[in-house]
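Working notes, beginning with the structure itself.
Numbering (full-length UniProt numbering), first residue to last: 1 to 117.
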């Protein structure tokens, strides 16, 4: 597994997001939004909205959703699936776990759902 350090638990309050630049196994850097849900769980999704290529880490987080600040598309941070137009294409989601105070993300193994497979 290729887990990478994304942030500290204390860096992110519930219902907030931040940008982490992570590196794929091939060396390419990818912007990832690290999102903390209302219940305190951590999720990692592609940072760019699939509608307008706007940073989702700058959007509003409510419950288990992040809203793109530019056009209002809303994505479920658990699945990456948009549930508010204009976006229709899901963002990738990545396995995330907390080890002590560190939030780790496995960027090389996106979680595939039927919507984003």
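Beta carbons are placed, not taken as given, at the ideal position from N, Cα and C, and that holds for glycine.
With distances taken between CA atoms, residue 63 lies nearest to 77 out of 73, 77, 90.
Here residue 104 really is in contact with residue 6; their C-beta atoms are around 7 Å apart, less than 8 Å. About 11 Å separates the CB atoms of residue 75 and residue 48; that is not less than 8 Å, and the two are not in contact.
Short of 6 Å from the beta carbon of residue 23, and not among the five residues preceding or following it, lie these beta carbons of its own chain, in chain order: 29.
Here the alpha carbon of residue 41 sits roughly 17 Å from the alpha carbon of residue 20. A distance below 7 Å separates the beta carbons of residue 106 and residue 2.
Spanning the alpha carbons of residue 69 and residue 14 requires a straight line of approximately 18 Å.
DSSP places residue 55 in the strand class (E or B) of the three-state scheme.
Between residue 45 and residue 80, the CB-CB gap stays under 7 Å. When DSSP assignments are scanned along the stretch 18-52, the uninterrupted stretches of beta strand (DSSP E) that are 3 or more residues long and fall wholly within it turn out to be 29-36, 42-46.
Measuring C-alpha to C-alpha distances from residue 17 to each of 8, 4, 34, 11 identifies 34 as the nearest.
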